[in-house]
Amino acid sequence: MTPALRPPAEPYALQVHGLTHRFGQNLALDNVSLAVPRGAFVVLLGPNGAGKSTLFALATRLYDNVSGEIRILGHDVRRQPMAALKNLGVVFQSRSLDSDLSLQQNLIYHASLHGIARREAKHHAARALAKVGLAERAGEKVRALSGGQARRVEIARALLHEPTCLLLDEATAGLDVASRESVLAMVRGLVTERAVGVLWATHLVDEVDAEDAIVLLHRGRVLFNGRGPALLKLAQAESLRTAFLRLVGKDGGGDVK
Amino acid sequence: MSVEVIAHRFGLAGYATCFAGIAWREVLRFLHQRERFLAALVRPLVWLFIFAAGFRQVLGVSIIPPYQTYVLYEVFVTPGLVGMIQLFNAMQTSLSMVHDRETGVMRTLLLSPFPRSFLLISKLAGGVFVSLLQVYVFLLIAYFWEIELPIIGYFTVLPALLICGLMLGAIALFMSSVIKQLENFAGVMNFVIFPMFFASSALYPLWRIKEANPLLYEICRANPFTHAVELIRFAMYGQLEPVALAVVLAFTAVFLTAAIYAYNPSKGMLARRGEAG
Numbered sequence: 578m579t580p581a582l583r584p585p586a587e588p589y590a591l592q593v594h595g596l597t598h599r600f601g602q603n604l605a606l607d608n609v610s611l612a613v614p615r616g617a618f619v620v621l622l623g624p625n626g627a628g629k630s631t632l633f634a635l636a637t638r639l640y641d642n643v644s645g646e647i648r649i650l651g652h653d654v655r656r657q658p659m660a661a662l663k664n665l666g667v668v669f670q671s672r673s674l675d676s677d678l679s680l681q682q683n684l685i686y687h688a689s690l691h692g693i694a695r696r697e698a699k700h701h702a703a704r705a706l707a708k709v710g711l712a713e714r715a716g717e718k719v720r721a722l723s724g725g726q727a728r729r730v731e732i733a734r735a736l737l738h739e740p741t742c743l744l745l746d747e748a749t750a751g752l753d754v755a756s757r758e759s760v761l762a763m764v765r766g767l768v769t770e771r772a773v774g775v776l777w778a779t780h781l782v783d784e785v786d787a788e789d790a791i792v793l794l795h796r797g798r799v800l801f802n803g804r805g806p807a808l809l810k811l812a813q814a815e816s817l818r819t820a821f822l823r824l825v826g827k828d829g830g831g832d833v834k
Numbered sequence: 005m006s007v008e009v010i011a012h013r014f015g016l017a018g019y020a021t022c023f024a025g026i027a028w029r030e031v032l033r034f035l036h037q038r039e040r041f042l043a044a045l046v047r048p049l050v051w052l053f054i055f056a057a058g059f060r061q062v063l064g065v066s067i068i069p070p071y072q073t074y075v076l077y078e079v080f081v082t083p084g085l086v087g088m089i090q091l092f093n094a095m096q097t098s099l100s101m102v103h104d105r106e107t108g109v110m111r112t113l114l115l116s117p118f119p120r121s122f123l124l125i126s127k128l129a130g131g132v133f134v135s136l137l138q139v140y141v142f143l144l145i146a147y148f149w150e151i152e153l154p155i156i157g158y159f160t161v162l163p164a165l166l167i168c169g170l171m172l173g174a175i176a177l178f179m180s181s182v183i184k185q186l187e188n189f190a191g192v193m194n195f196v197i198f199p200m201f202f203a204s205s206a207l208y209p210l211w212r213i214k215e216a217n218p219l220l221y222e223i224c225r226a227n228p229f230t231h232a233v234e235l236i237r238f239a240m241y242g243q244l245e246p247v248a249l250a251v252v253l254a255f256t257a258v259f260l261t262a263a264i265y266a267y268n269p270s271k272g273m274l275a276r277r278g279e280a281g
């Protein structure tokens with residue numbers, strides 16, 4: 578899936594090639610390759626401990642990858658961090674808003690991290706909040722929001738600087754069913770509206786649509802890379818859930834819902 | 005939907021925006037934490053109102069520069085208490101950075117396209133601005149306690165506070181990054197703040213320590229906090245202590261480099277810490 582030559586308009590939001598990472602003796606990622614084209618929604622599916630968070634940590638440069646490469650819009654994360662990070666938006670699994678500050682203050686702070694001047698940031702913050710349906714609450718403290726609303730603010734924040742690549746790590750963790758569905762629908766909408774390439778990491782099979790592009794990660798390895806129907810065929814299963822359980826086995830699928 | 009073009013600025017103006025944004029957040033957060041502001045003020049004031057008043061009878065301070073006359077113990081101890089404010093604040097800022105690292109807050113900061121070293125320095129500078137707020141409110145209260153500096157001193161102390169704050173912040177950040185035991189504040193109090201504060205010229209002039217214990221005197225002289233206090237003390241009277249300045253600058257450079265190294269994604273402690281998932 579990795580193109581040998583890069584055409585002028587970079588078609589891939591994210592490319593991961595031959596990525597291996599270990600913590601001491603523990604092999605967290607083993608020769609992982611995947612690609613997210615612009616305007617595509619790719620599910621990174623795997624049980625807890627599969628290596629999803631490690632992949633996110635490397636893509637966001639919490640630490641550097643030693644072997645293999647990660648490209649965001651064609652820019653190597655390690656060699657051209659500025660160009661790569663400029664095009665990247667991330668929603669982390671853990672909450673990352675300042676609860677004492679207002680929604681608007683949180684977004685202006687984030688904009689400043691991308692060199693966007695204050696006055697312009699205010700304008701874009703209002704626009705981003707309107708997009709996630711929270712425009713009226715811009716002046717309220719984050720503390721006053723529900724879990725689902727806070728997630729929507731985090732998504733608004735991740736999109737504020739108009740990234741081409743959006744990574745979400747278990748973005749629906751801790752949300753009730755209705756909020757989960759609205760967050761998921763919103764992100765899927767972005768893909769078609771803005772041609773953003775989305776990598777959606779989850780361990781919940783029911784967040785995957787039958788036709789979705791799926792990368793199945795288990796114990797640091799890519800077990801499957803393709804569309805839903807092909808996954809069903811490979812596992813000789815009738816539902817994605819059964820296919821997932823068959824491929825990752827009982828040990829890894831214990832917490833699948 | 006039309007997509008507006010966003011003006012990313014990564015030139016000088018972009019750096020300035022980023023720096024201002026990070027510093028602004030630090031100050032804003034501090035102003036929201038009223039308990040922290042109160043604690044930061046009460047601590048040195050207790051020392052000033054109670055400890056210094058009692059100690060005044062025990063310890064006579066002779067005429068040593070920058071003082072031109074006999075001074076009350078309260079006056080002598082004021083620069084030390086200003087240093088203490090900055091020391092506590094530095095430890096709190098750095099400790100919160102270590103805690104934040106585990107959560108999304110620090111990772112959000114590190115997602116900025118600007119260089120890591122610049123982000124960390126901006127973050128430390130934000131902490132220094134917070135300490136300036138604390139120091140000037142303290143000096144204002146001290147003024148009504150009849151600890152009056154020459155007017156010029158309130159201005160000349162500013163650059164000294166900036167650089168001392170940066171040095172203490174860098175030391176604190178480095179230590180809290182590499183020493184795991186310092187992850188709670190009790191450990192920091194016992195192993196960092198108390199030794200640095202007591203083995204310094206904050207509470208007593210060094211010549212008195214020399215009479216009492218020559219070894220302790222040498223320890224005090226090697227303590228960067230001593231030099232921070234002396235730099236602040238002289239600056240309060242519009243004077244420059246060159247040795248203190250040189251030592252503070254050197255410590256700032258060394259620990260800033262070390263702290264930046266600790267946050268380097270491929271080399272520092274981030275790389276060594278594994279995480280599940």
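Protein chains in written order, with our numbering: chain A, 578 to 834; chain B, 5 to 281.
C-beta atoms are modelled at their ideal positions from N, C-alpha and C, and glycine is treated no differently.
All figures in this text were calculated on a predicted structure; none of them were measured in a lab.
Counting pairs of beta carbons, one from the segment 635-646 of chain A and one from the segment 95-104 of chain B, are three or more of them closer than 8 Å?
At 8 Å Cβ cutoff, the stretches do not touch.
Need the endpoints of the beta strand (DSSP E) that B:Ile197 sits in, please.
Reading the second sequence from its first residue, position 193 is the one you call residue 197 of chain B. Taken as a continuous stretch (DSSP letters only), B:Ile197 belongs to no beta strand (DSSP E), as it is neither H nor E.
Can you pull the chain A residues whose beta carbon is under 7 Å from the beta carbon of B:Ile109, in chain order?
Here residue 109 of chain B refers to the residue found at position 105 of the second sequence. The sequence shown places Val at residue 109 of chain B, not Ile. Those within 7 Å of B:Val109 in chain A are Ser673.
Mark B:Phe201 as exposed unless 16 or more other C-beta atoms lie within 10 angstroms of its C-beta, in which case mark it buried.
Your numbering for residue 201 of chain B matches position 197 in the second sequence. Looking at its Cβ environment, which holds 16 or more other Cβ atoms inside 10 Å, B:Phe201 is buried.
Between the beta-carbon of B:Ala146 and the beta-carbon of B:Thr82, is there less than 8 Å?
Indexing the second sequence from 1 puts residue 146 of chain B at position 142. Indexing the second sequence from 1 puts residue 82 of chain B at position 78. Yes; because the gap between Cβ atoms is below 8 Å, this pair is in contact.
Measure from the C-beta of A:Arg638 to each C-beta in chain B and report whether the shortest distance is under 8 Å.
Position 61 of the first sequence, counting from 1, holds the residue named residue 638 of chain A. Output row for A:Arg638: interface = yes.
Report the rounded CA-to-CA distance for A:Arg714 versus B:Glu245, giving the unit in angstroms.
Within the first sequence, the letter at position 137 stands for residue 714 of chain A. Within the second sequence, the letter at position 241 stands for residue 245 of chain B. The straight-line gap from Cα to Cα measures roughly 52 Å.
Thinking A:Arg804 and A:Ala814 are a contact (beta carbons under 8 Å), I'd like their distance in whole angstroms, please.
As a first step, residue 804 of chain A is located in the first sequence; it is residue number 227 there, counting from the start. As a first step, residue 814 of chain A is located in the first sequence; it is residue number 237 there, counting from the start. Between A:Ala814 and A:Arg804 the Cβ distance is about 14 Å, and since that is not below 8 Å, they are no contact.
Alpha carbon to alpha carbon, what distance is there between A:Ala634 and A:Asn603?
Position 26 of the first sequence holds residue 603 of chain A. Position 57 of the first sequence holds residue 634 of chain A. The alpha-carbon atoms of A:Asn603 and A:Ala634 are separated by roughly 16 Å.
Which residues, in order along the segment 23-38 of chain B, keep a beta-carbon less than 9 Å from a beta-carbon of chain A?
The segment 23-38 of chain B vs chain A, Cβ under 9 Å: Phe23, Ala24, Gly25, Ile26, Trp28, Arg29, Leu32, Arg33, His36, Gln37.
For A:Lys718, list the residues DSSP reports as bridge partners.
Position 141 of the first sequence, counted from the start, is the residue given in the question as residue 718 of chain A. The partner list for A:Lys718 (beta bridge, DSSP) reads A:Ser679.
Kindly list, in the order they appear in chain A, the residues whose Cβ is closer than 8 Å to that of B:Ser116.
In the second sequence, counting from the first residue as 1, residue 116 of chain B sits at position 112. Correct list: Leu662, Leu690, His691.
Just to confirm my understanding: we take A:Leu800, look at its own chain, exclude 5 residues before and 5 after, and list those with CB closer than 6 Å. What are they?
Taking the first residue of the first sequence as position 1, residue 800 of chain A is located at position 223. Once the five neighbours on either side are set aside, the close Cβ partners of A:Leu800 are Leu793, Leu824.
Which residues mark the beginning and the end of the beta strand (DSSP E) in which B:Val132 is found?
Along the second sequence, one-based indexing puts residue 132 of chain B at 128. Careful: B:Val132 lies outside any beta strand (DSSP E), inside the alpha helix (DSSP H) at 120-148.
In whole angstroms, what is the alpha-carbon distance linking B:Ala257 and B:Leu32?
The residue labelled residue 257 of chain B in the question sits at position 253 within the second sequence. The residue labelled residue 32 of chain B in the question sits at position 28 within the second sequence. Cα to Cα, the separation comes out at about 28 Å.
Could you check what DSSP says for B:Asn93 in three-state terms: helix, strand or coil?
One-based indexing of the second sequence puts residue 93 of chain B at position 89. Three-state result, B:Asn93: helix.
Since B:Leu113 meets chain A, which of its residues come closer than 8 Å, beta carbon to beta carbon?
As a position in the second sequence, residue 113 of chain B is number 109, starting the count at 1. Under the 8 Å cutoff, chain A gives Leu690.
In chain A, what lies closer than 8 Å to B:Phe14 by C-beta?
Here residue 14 of chain B is taken as the residue at index 10 of the second sequence, counted from 1. By Cβ distance, chain A contributes Met659, Lys663, Gly692.
At least one CB of chain B closer than 8 Å to the CB of A:Ala590: is that the case?
Residue mapping note: residue 590 of chain A aligns to position 13 of the first sequence, counting from 1. False, the Cβ-Cβ gap to chain B never drops below 8 Å.
Determine the direct distance from the alpha carbon of A:Arg771 to that of A:Ala707, and round the result to whole angstroms.
Within the first sequence, numbered from 1, the residue matching residue 707 of chain A stands at position 130. Within the first sequence, numbered from 1, the residue matching residue 771 of chain A stands at position 194. Cα-Cα distance, rounded: 16 Å.
Can you list, in chain order, the residues of its chain with a C-beta nearer than 6 Å to that of A:Ser756? Leave out the 5 residues immediately preceding and following it.
On the first sequence, residue 756 of chain A is found 179 positions in, with the first residue counted as 1. Once the five neighbours on either side are set aside, the close Cβ partners of A:Ser756 are Gly725.
Below 6 Å CB to CB, which residues in the same chain sit around B:Arg13 once its five sequence neighbours on both sides are set aside?
Walking along the second sequence from the start, residue 13 of chain B turns up at place 9. Once the five neighbours on either side are set aside, B:Arg13 has no close Cβ partner at all.
Could you tell me which residues DSSP pairs with A:Ser644 in its beta bridges?
Within the first sequence, numbered from 1, the residue matching residue 644 of chain A stands at position 67. In DSSP, A:Ser644 forms a bridge with A:Thr597.
State the Cα-Cα distance for the pair A:Asn664 and B:Cys168, rounded to the nearest angstrom.
Your numbering for residue 664 of chain A matches position 87 in the first sequence. Your numbering for residue 168 of chain B matches position 164 in the second sequence. Rounded to the nearest angstrom, the two C-alpha atoms are 37 Å apart.
Given a cut-off of 8 Å, decide if A:Ala590 and A:Arg615 are closer than it, judged by their beta-carbon atoms.
Position 38 of the first sequence holds residue 615 of chain A. Position 13 of the first sequence holds residue 590 of chain A. Taking 8 Å as the Cβ cut-off, A:Arg615 and A:Ala590 qualify as a contacting pair.
For B:Ser6, count the other beta carbons within 10 Å of its own beta carbon; 16 or more makes it buried, fewer makes it exposed. Which is it?
Position 2 of the second sequence holds residue 6 of chain B. Reliability of the predicted coordinates at B:Ser6 is poor, the pLDDT of 41 falling under 50, and the value obtained from them is presented with this limitation in mind. B:Ser6 comes out exposed.
Assuming contact is defined by CB atoms lying nearer than 8 Å, are B:Ala174 and B:Ala239 in contact in what I supplied?
Taking the second sequence and counting its residues from 1, one reaches residue 174 of chain B at position 170. Taking the second sequence and counting its residues from 1, one reaches residue 239 of chain B at position 235. The answer is no: Cβ separation not under 8 Å.
Does the distance from the CB of B:Gly25 to the CB of A:Ser689 come in under 8 Å?
On the second sequence, position 21 is the one that residue 25 of chain B refers to. On the first sequence, position 112 is the one that residue 689 of chain A refers to. For B:Gly25 and A:Ser689, yes; Cβs fall inside 8 Å.
8 Å is my cut-off, CB to CB: does A:Leu824 come that close to chain B?
Within the first sequence, residue 824 of chain A is the residue found at index 247, counting from 1. It does not: the Cβ of A:Leu824 has no partner Cβ on chain B nearer than 8 Å.
What does a CB cutoff of less than 8 Å around B:Trp51 pick up in its chain, not counting 5 residues either side in sequence?
Position 47 of the second sequence, counted from the first residue, corresponds to residue 51 of chain B. Excluding sequence neighbours, B:Trp51 sits near Val81, Leu85, Met88.
Would you mind listing the alpha helix (DSSP H) stretches within the segment 682-750 of chain A that are 4+ residues and don't spill past its ends, in chain order?
Qualifying alpha helix (DSSP H) stretches, in chain order: 695-708, 724-736.
Taking Cβ positions, are A:Phe669 and A:Asp746 nearer each other than 8 Å?
Here the question's residue 669 of chain A lines up with position 92 in the first sequence. Here the question's residue 746 of chain A lines up with position 169 in the first sequence. Their beta carbons are under 8 Å apart, which means A:Phe669 touches A:Asp746 by this criterion.
In whole angstroms, what separates the C-alpha of B:Glu215 from that of B:Arg225?
Counting from 1 along the second sequence, the entry for residue 215 of chain B is found at position 211. Counting from 1 along the second sequence, the entry for residue 225 of chain B is found at position 221. The alpha-carbon atoms of B:Glu215 and B:Arg225 are separated by roughly 14 Å.
Would you decide whether A:Phe618 is buried or exposed? Buried here means 16 or more other CB atoms lie within 10 Å of its CB.
Mapped onto the first sequence, residue 618 of chain A falls at position 41. Classification of A:Phe618: buried, given that the 10 Å Cβ count is 16 or more.
Between B:Leu49 and B:Ala176, what straight-line distance do the alpha-carbon atoms span, to the nearest angstrom?
One-based indexing of the second sequence puts residue 49 of chain B at position 45. One-based indexing of the second sequence puts residue 176 of chain B at position 172. Roughly 23 Å separates the two Cα atoms.
Kindly say whether A:Gln682, judged by its beta-carbon, lies nearer than 8 Å to any beta-carbon of chain B.
For this step, residue 682 of chain A is matched to residue 105 along the first sequence. Answer yes: the Cβ-Cβ gap between A:Gln682 and chain B drops below 8 Å somewhere.
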